[in-house]
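Taking it in order: structure first as structure tokens, then the write-up.
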Amino acid sequence: MSDGTAKDVDKFLEDALKDQDDEFNGFTYTPEEEQEVIKKLDWKLMPAILFSTFILNKDRSNLSNAIAGGLPADLGFDLSVINNSVTMHGAVFAAFTITGSIAAKRFGAHRWIGLLTFTWGVLIWAHVFLTGASNFYVVRFFLAAAQGGVIPATLVYLGKFYKKNELATRLSWFWGVQSIASAISGLMASGLLQLNGVGGLQGWRWLFLVDGIITDLSAFFLLFWLPKDVFSTKGLLRGPNGWFTPNQEQIAYVRTVRDDPLKKNYEQRVKPSDVWEALTDFRLWGHLLMAFVGLMPLTPFRTYLPLVIRNYGFNVYASTALTAPVNMLIRNADRVGYRGVHGAFAYAWYLAGWLLLVLLPETTDKTWRYIALMFLGGHPFPHALNVAWSQVNMAPIGKRTVASGMIIAAANLCAIPGAQIYQPWDQPYFRVGNQICVSLSATALALYIVQGTYYTWTNAAREKKWNALTQEQKDEYERTTKDRGNNKLNYRFVT
Numbered sequence: 303m304s305d306g307t308a309k310d311v312d313k314f315l316e317d318a319l320k321d322q323d324d325e326f327n328g329f330t331y332t333p334e335e336e337q338e339v340i341k342k343l344d345w346k347l348m349p350a351i352l353f354s355t356f357i358l359n360k361d362r363s364n365l366s367n368a369i370a371g372g373l374p375a376d377l378g379f380d381l382s383v384i385n386n387s388v389t390m391h392g393a394v395f396a397a398f399t400i401t402g403s404i405a406a407k408r409f410g411a412h413r414w415i416g417l418l419t420f421t422w423g424v425l426i427w428a429h430v431f432l433t434g435a436s437n438f439y440v441v442r443f444f445l446a447a448a449q450g451g452v453i454p455a456t457l458v459y460l461g462k463f464y465k466k467n468e469l470a471t472r473l474s475w476f477w478g479v480q481s482i483a484s485a486i487s488g489l490m491a492s493g494l495l496q497l498n499g500v501g502g503l504q505g506w507r508w509l510f511l512v513d514g515i516i517t518d519l520s521a522f523f524l525l526f527w528l529p530k531d532v533f534s535t536k537g538l539l540r541g542p543n544g545w546f547t548p549n550q551e552q553i554a555y556v557r558t559v560r561d562d563p564l565k566k567n568y569e570q571r572v573k574p575s576d577v578w579e580a581l582t583d584f585r586l587w588g589h590l591l592m593a594f595v596g597l598m599p600l601t602p603f604r605t606y607l608p609l610v611i612r613n614y615g616f617n618v619y620a621s622t623a624l625t626a627p628v629n630m631l632i633r634n635a636d637r638v639g640y641r642g643v644h645g646a647f648a649y650a651w652y653l654a655g656w657l658l659l660v661l662l663p664e665t666t667d668k669t670w671r672y673i674a675l676m677f678l679g680g681h682p683f684p685h686a687l688n689v690a691w692s693q694v695n696m697a698p699i700g701k702r703t704v705a706s707g708m709i710i711a712a713a714n715l716c717a718i719p720g721a722q723i724y725q726p727w728d729q730p731y732f733r734v735g736n737q738i739c740v741s742l743s744a745t746a747l748a749l750y751i752v753q754g755t756y757y758t759w760t761n762a763a764r765e766k767k768w769n770a771l772t773q774e775q776k777d778e779y780e781r782t783t784k785d786r787g788n789n790k791l792n793y794r795f796v797t
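Residue numbers (this note's numbering): 303 to 797.
Written out as structure tokens, the structure is:
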């Protein structure tokens with residue numbers, strides 16, 4: 303691969319895939335060489351991915367800021383229309399997450415991410431032309447459809463470049479940046495809302511206009527920066543020399559396939575059997591429940607955070623600016639090796655935060671209520687852990703691809719019931735809604751404990767059965783079994 307040509311790439315892949323047992327025809331590399339490849343990925347690929355999710359969450363946060371800026375009153379409707387739109391957005395977003403991972407396989411995740419970003423950027427600045435509830439619903443529908451496919455496409459994309467034990471940490475960065483985006487969105491909104499009346503536009507229209515333009519400009523960068531794979535980093539904004547030397551290209555590819563042989567078929571399109579296997583894997587449904595139940599309280603929290611702070615007695619500009627420290631504290635605590643235990647800890651914290659909001663007397667000073675919100679917002683966010691956990695425990699690769707879409711779908715379907723938790727009659731402190739969030743958080747805590755315990759028990763049971771077999775019986779099992787992926791007796795789950 304000295305000249306980096308497509309012919310050389312094809313030859314290397316052909317040789318590398320002939321026989322997994324020969325360690326890719328004797329191809330070896332040192333830990334230091336591998337670390338250099340990882341460093342390049344972290345400095346060249348991950349910043350673009352983190353930037354894309356920053357843009358996504360900035361745009362998903364602007365509705366809550368627009369609500370505090372008077373959008374419902376200006377368009378002639380109340381919070382019930384907002385709730386209905388959030389419900390619709392969650393359903394549509396979820397539907398397109400499932401198709402998003404499949405589309406990413408078909409059209410190339412590196413293209414799909416940029417195209418979706420440009421599309422929803424147009425729909426963001428289209429909010430400038432809203433006149434009432436009907437066209438508000440239409441724009442929010444198509445916005446959800448465009449945004450829904452980008453996260454599963456990103457999961458498919460990152461899996462091509464990183465090993466299993468590296469992915470969880472990168473996903474923690476991914477969701478951590480979303481918190482930063484929400485924080486910066488609040489600060490931006492605080493300034494843009496003050497343009498109220500300039501050019502005959504309300505402040506919230508300026509907010510959507512500026513956000514949409516930024517998003518569309520960002521989409522062009524993503525389209526010309528993200529490479530198809532480790533062999534395609536030359537050209538466009540990436541420069542004529544690419545990111546890797548020929549030897550580093552081989553290291554970047556071989557190390558991921560040795561870590562997970564399923565990635566030999568990473569470009570393979572999803573088959574109907576993959577969809578069926580994912581739908582019928584009860585272990586995946588445990589992860590889906592954790593996402594659906596555990597993230598449901600975040601819907602009212604994120605949608606109405608500026609309004610809640612405003613109800614405490616802060617003005618509209620302060621209420622949007624004060625979302626920044628809360629969102630900064632919605633940080634990711636994903637660390638490889640914790641999984642179920644760590645997820646349970648996160649929801650114990652979350653539960654305590656909701657209990658605090660429920661138990662505070664109505665006479666409590668607004669400053670103490672804001673501190674309670676800070677404590678709630680500061681809980682370690684376990685969703686990245688759950689996504690990475692589900693991904694490494696799903697096999698074969700087609701099933702894993704479908705599973706990535708399903709878990710993002712579950713994380714957004716929760717917005718359907720979640721959008722109805724805070725009701726107008728429950729203002730200003732939303733006590734009934736907060737009590738519902740207490741119950742949901744307690745349930746999520748229990749689900750994490752059950753899932754982790756199940757994986758530990760299953761591994762022990764499989765290990766006992768496997769060790770009871772002779773070597774001949776093990777070989778016979780490998781030759782004749784119809785079990786696939788994570789259903790095989792010698793497959794071990796990450797706990």
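Glycine is no exception: its CB is placed at the ideal position from the N, C-alpha and C atoms.
**Asked** Going along the chain, which residues of its own chain have a beta-carbon closer than 8 angstroms to the beta-carbon of Gln722, five neighbours each way excluded?
**Response** Cβ within range, chain order: Asn385 and Thr389.
Neighbourhood of Leu658 by C-beta, 8 angstroms cutoff - its chain only, sequence neighbours within 5 removed | The residues are Ala674, Phe677 and Leu678.
Within 10 angstroms of the Cβ of Ala626, are there 16 or more other Cβ atoms? Answer buried if so, exposed if not. Unreliable positioning characterises Ala626 in this predicted model, as indicated by a pLDDT of 41, which lies under 50. The coordinate reading is nonetheless provided below. So Ala626 counts as buried.
Per DSSP, what kind of secondary structure is Phe444 in: helix, strand or coil? In the three-state reduction of the DSSP assignment, Phe444 falls in the helix class.
Using a 10 Å radius around the Cβ and a threshold of 16 neighbouring Cβ atoms, would you call Leu581 buried or exposed? So Leu581 ends up on the exposed side.
Subject >> Residue from Pro599, Phe795, His589 and Ser575 whose Cα sits closest to the Cα of Thr760 >> reply: Here the closest residue by C-alpha is Phe795.
Buried or exposed, going by whether 16 or more other CB atoms sit within 10 Å of the CB of Trp345? Its Cβ having fewer than 16 others within 10 Å, Trp345 is exposed.
Limits of the unbroken alpha helix (DSSP H) element including His391:
Element bounds for His391: Leu381 to Phe409.
- [ ] With distances taken Cα to Cα, identify the nearest neighbour of Phe533 among Trp545, Phe523 and Phe522.
- [x] Residue Trp545 is the option with its Cα nearest to Phe533.
**Report entry** Identity of the residue in Thr797, Val452, Asp777 and Ser436 nearest Gln753 by Cα
**Finding:** The shortest Cα separation from Gln753 among Thr797, Val452, Asp777 and Ser436 belongs to Thr797.
(message) Distance check for Lys767 and Leu791, CA to CA, integer angstroms please.
(response) Leu791 and Lys767: Cα-Cα distance of roughly 8 angstroms.
Looking at Arg671: is its Cβ nearer than 8 angstroms to the Cβ of Ser366? No. Outside cutoff.
Q. How about Ala446 and Val394: do their beta carbons lie closer than 8 angstroms?
A. With respect to Val394, Ala446 sits close: the two C-beta atoms are nearer than 8 angstroms.
Can we say the stretch 397-417 touches the stretch 483-499, given the rule of at least three CB pairs closer than 8 angstroms? At 8 angstroms Cβ cutoff, the stretches do not touch.
> Taking the Cβ atom as the reference point for each residue, do Leu519 and Ile415 lie within a distance shorter than 8 angstroms?
Replying inline: Result no, Cβ atoms of Leu519 and Ile415 do not sit closer than 8 angstroms.
#### Entry: Cβ shell of Asp561 (< 7 angstroms), same chain only, five flanking positions each side left out
If we look at Asp561 and ignore the five residues flanking it on each side, its Cβ neighbours are Lys465 and Lys466.
Considering just the uninterrupted stretch of the alpha helix (DSSP H) at Trp768, what are its terminal residues?
Residues Arg733 to Asn769.
Where Gln773 and Tyr793 are concerned, what is the direct C-alpha to C-alpha distance, given to the nearest angstrom?
-> Going by the C-alpha atoms only, they are around 16 angstroms apart.
Relative to the C-alpha of Asp347, which candidate in Ser492, Thr666 and Phe476 has its C-alpha closest?
Per the sequence shown, the amino acid found at residue 347 is Leu instead of Asp. It is Phe476 whose Cα lies nearest to the Cα of Leu347.
Proximity to Val734 [Cα-Cα], best of Pro602, Glu551 and Arg362:
That would be Pro602, whose Cα lies nearest to the Cα of Val734.
Same chain, Cβ closer than 6 angstroms to Leu469, five either side skipped, listed in chain order: Closer than 6 angstroms at Cβ, skipping near neighbours: Ala690.
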